[in-house]
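There are 2 protein chains.
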Amino acid sequence: MTHQAGIPLGVRFKLLSDTPHDSAAQVCGDVVVGDYRDLEVLRAFAATCDVVTFDHEHVPTEHLRALREEGVAVLPGPEALRFAQDKGAMRARLAEIAVPCPRNRLVADPSDVAAFAAEVGGWPVVLKTTRGGYDGKGVWVVHDERQAAEPFQAGVPVLAEEKVPFRRELAANVVRSPHGQAVAYPVVESVQVDGVCSEVIAPAPGLSATLAAEAQSVALRIAGELDVVGHLAVELFETTDGRILVNELAMRPHNSGHWTIDGAVTSQFENHLRAVLDLPLGDPRPRARWTVMANVLGGDYPEMYPAFLHCMARDPGLRIHMYGKDVKPGRKVGHVTVSGDDLDDVRERARHAAGYLRGTITE
Amino acid sequence: MTHQAGIPLGVRFKLLSDTPHDSAAQVCGDVVVGDYRDLEVLRAFAATCDVVTFDHEHVPTEHLRALREEGVAVLPGPEALRFAQDKGAMRARLAEIAVPCPRNRLVADPSDVAAFAAEVGGWPVVLKTTRGGYDGKGVWVVHDERQAAEPFQAGVPVLAEEKVPFRRELAANVVRSPHGQAVAYPVVESVQVDGVCSEVIAPAPGLSATLAAEAQSVALRIAGELDVVGHLAVELFETTDGRILVNELAMRPHNSGHWTIDGAVTSQFENHLRAVLDLPLGDPRPRARWTVMANVLGGDYPEMYPAFLHCMARDPGLRIHMYGKDVKPGRKVGHVTVSGDDLDDVRERARHAAGYLRGTITE
């Protein structure tokens, strides 16, 4: 999707891909297959680029530092990116700049988790490996000391967080350029099922103007303080007592911003590119009163064409985005977007199409 | 732009390109370089595709017929496409189905042109080569028999047409699928400068509902009668006495439909693809009250980046589409689109950006 956004701007993309079959490798004209964990591979690749950016945060920080020291324009830079790579570093930094977060601390072993539980008012407690988590992986909700053992098995530092009673999850997406120009998208509601985002509603329905402004302001402050360049997604809890607390950060185009392709004047992908190229940022405003994005998860259809026939015929306004991934159960293989004035109608249409493409709805 | 539209639908594109440097070849992952006039090249290429379509109408009709006879899905088919390739055949066919056109006939030589001029009320007369014209090339407005000699020099049959007094040029864009499903975009005004489209306004300002419906109806009828599959652009004159007459046909995504990328729910490119794949068509309705597309012509800037800085900073809502072509004076190298509620504002912004990118406006 970033490649698509680059085409009209004349941005020639070069892709470093794990395999020749990755989604991006299927549509990008200039692909190098190689391992992003290998500094020599990164160095040779970067030598042919003006600017290097990412679609995930797993490139080792030390390699990015090495490239930066050799004069490569790596954006966002390793100093910023490590706060998206390491949840322990992120929590420590957000505490320094007084951004509201769930209570948290690094824990050494299960008995230390029990001590943390006592400090925050009891079980359950959320445990996260500080690195490598994704889509609910690397996150556990544990109810006693015995359950708290599993997260330590990976040998990665573990962060404990209070389990916040929340009304719903929100995301504040902002984009910041090296100049320090920044734009904020409307705050969205992100509906999670089994730790995976199923639906994003833009803007978040019924969110008070005060909380919306606070969420945008927190995201812009994080972007500025951490010197983020490009798209920053700040995932938030709206607590049952009406506060917002930061849950996670992502420094790249993010699932909670996919609605912007069809629903905003300038998509997160284009604004991410503009930022890493230090071009002026585009208008982040919504193009419709409501836009709902629903993720298509892998299901019963290895072949999408018959499902397209039904979905397109049922809803000519439906926007379909498939990623060219092999269909595996539960994997995000695409998304659909619907915009309109009537939220119930828009949600029903997006959910129906996502369910039909997955195979859980058959009529 | 068709490749871009195919990505989200999971349509894997294979491109037959004249050279490795063509616009599409720069962004498409799977490119075969070859000559579209060579049947063997076409045959080998087509053997690797499910469906073959075009972005220009110059592939020889006889080659398309040969492919079709060999079982290749060529869409639009040669029977339809020849009416976009040969203006003489087009005029004859439109006469058969009683579509209003300027008076016209094939002419044999300059003295025959003089006879035609006398029949239609005198000079000037418009002469067109029946094949191979583009962007004002292959079209002459001649004022006497001496001037009428030039068009015959190419050795291609020449069509004479009355020079219609017209208020403005319009375009009716429709898309039709093999099923016979069709959608009609709003009728647009196309502003021409020196035979080249400079600006398209969607919808055509002040067009009566009657004429708009008539224009859409004419375009849908042509698509049906000629068995067009895919996008059909019908370029029209709105005459000073309030009629519409068909000027040209194009059976592919067309410059008069570029506004649909940003300005309609479903772009002409996506609907063209849906049609050639026999998928249900998408909603053609506009997403804003007014959308203006202005072509960027080649000018003083071989390098666009400095111009981007100015244009993007001045107008965050501006949508820029560059084609990756070498910049040559007067060549269409991109377009810009602006949408909004105030037509004067939208036009000014689109014109300013197109002029600045060309280098004719410098502040």
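If you're matching them up, the sequences are chains A and B in order. Here UniProt numbering is used: the first residue of the first sequence is 1, the next is one more, and so on. Here UniProt numbering is used: the first residue of the second sequence is 1, the next is one more, and so on. Where is the CB? At the ideal position from N, CA and C, for every residue including glycine.
In three-state DSSP terms, what is residue i?
i, result
"I261(A)", "helix"
"V228(A)", "coil"
"R243(A)", "coil"
"S208(A)", "coil"
"R187(A)", "A quick correction: the sequence has Val, not Arg, at residue 187(A). Looking at V187(A) - three-state DSSP - the assignment turns out to be coil, as it is neither helix nor strand."
"residue 369(A)", "Because residue 369(A) is not part of the residues shown, which for chain A are 1 to 363, the question remains open."
"E62(B)", "helix"
"R168(B)", "strand"
"Q147(A)", "helix"
"R176(B)", "strand"
"Q216(B)", "helix"
"E348(A)", "helix"
"G121(B)", "coil"
"G359(B)", "coil"
"V41(B)", "helix"
Assuming residue i and residue j make a contact with CB atoms under 8 angstroms, what is their CB distance in whole Å?
i, j, result
"A46(A)", "V72(A)", "5 angstroms"
"G282(B)", "T337(B)", "Not confirmed; about 18 angstroms, so no contact."
"S256(A)", "A233(A)", "5 angstroms"
"F116(A)", "R105(A)", "6 angstroms"
"P151(B)", "L127(B)", "4 angstroms"
"V209(A)", "V187(A)", "Strictly speaking, residue 209(A) in this sequence is Ala, with Val absent from that position. A209(A) to V187(A), Cβ: 10 angstroms. No contact."
"M1(A)", "F237(A)", "Not quite, the Cβ-Cβ distance comes to about 27 angstroms (not below 8 angstroms), so this is no contact."
"E57(A)", "M251(A)", "7 angstroms"
"G10(B)", "G29(A)", "The pair is not a contact, with the Cβ atoms about 18 angstroms apart (cut-off 8 angstroms)."
"V120(B)", "E145(B)", "Contact flag wrong, Cβ pair sits at about 15 angstroms."
"D341(A)", "W290(A)", "7 angstroms"
"P110(B)", "A148(B)", "4 angstroms"
"N271(B)", "P286(B)", "In fact, because the Cβ distance is near 14 angstroms, the residues do not count as touching under 8 angstroms."
"P78(B)", "R91(B)", "Wrong, their Cβ atoms sit about 19 angstroms apart, outside the cutoff."
"L75(B)", "T53(B)", "6 angstroms"
"R243(A)", "P100(A)", "7 angstroms"
"S267(A)", "A5(A)", "6 angstroms"
"P165(A)", "E189(A)", "Contact flag wrong, Cβ pair sits at about 17 angstroms."
"V296(A)", "G334(A)", "4 angstroms"
"R349(B)", "L318(B)", "7 angstroms"
What are the partner residues of residue i, as DSSP defines its beta bridges?
i, result
"C49(B)", "According to DSSP, C49(B) bridges with nothing at all."
"W140(A)", "L127(A)"
"S339(A)", "T291(A)"
"L9(B)", "Note: L9(B) sits in no beta bridge, so no partner."
"F237(A)", "E169(A), L245(A)"
"L15(B)", "V31(B)"
"E161(A)", "N104(A), V126(A)"
"I201(B)", "E189(B), V292(B)"
"V196(A)", "V193(A)"
"G71(B)", "The partner list for G71(B) (beta bridge, DSSP) is empty, contrary to what the question assumes."
"A250(B)", "A233(B)"
"G132(A)", "G132(A) is not bridged to any residue."
"G334(B)", "V296(B), M322(B)"
"Y223(B)", "Reading off the sequence, residue 223(B) comes out as Ala, not Tyr. Per DSSP, none; premise fails for A223(B)."
"A25(A)", "DSSP, once it has assigned bridges, lists no residue as partnering A25(A)."
Given the structure, does residue i come close to the ligand GDP, in the sense that its CB is under 6 angstroms from one of the ligand's heavy atoms?
i, result
"D86(A)", "Only the bare structure without any ligand can be found here, which leaves the ligand GDP out of the picture."
Could you list which residues in chain C have their beta carbon closer than 7 angstroms to that of residue i, in chain order?
i, result
"D283(A)", "The chain inventory of the structure shown lacks chain C, comprising the protein chains A and B."
### Query
Is it true that the stretch 224 to 240 of chain A meets the stretch 170 to 177 of chain A, where meeting means three or more beta-carbon pairs spaced less than 8 angstroms apart?
yes
### Task
Mind listing, in chain order, the continuous alpha helix (DSSP H) runs of no fewer than 4 residues lying wholly within the stretch 269 to 331 of chain A?
305 to 314
#### Entry: the stretch 213 to 224 of chain A touching the stretch 178 to 185 of chain A, judged by at least three CB pairs closer than 8 angstroms
yes
#### Entry: alpha helix (DSSP H) runs contained entirely in the stretch 74 to 117 of chain B, provided each spans 4 or more residues
78 to 85, 87 to 96
### Task
Check whether the stretch 30 to 49 of chain A touches the stretch 14 to 22 of chain A, taking contact to mean three or more Cβ pairs, one atom from each stretch, closer than 8 angstroms.
With contact defined as three or more Cβ pairs closer than 8 angstroms, the stretch 30 to 49 of chain A and the stretch 14 to 22 of chain A are in contact.
### Message
Tell me whether the stretch 347 to 357 of chain A and the stretch 305 to 318 of chain A touch, counting them as touching only if at least three CB pairs, one residue from each stretch, are closer than 8 angstroms.
### Response
yes
### Query
Looking at C-beta atoms only, is the number of pairs between the stretch 146 to 162 of chain A and the stretch 118 to 127 of chain A that lie closer than 8 angstroms three or more?
yes
### the stretch 86 to 100 of chain A / the stretch 309 to 319 of chain A touching (three or more Cβ pairs under 8 angstroms)
no
### Query
With contact counted as at least three CB pairs below 8 angstroms, one residue from each stretch, are the stretch 323 to 342 of chain A and the stretch 194 to 210 of chain B in contact?
no
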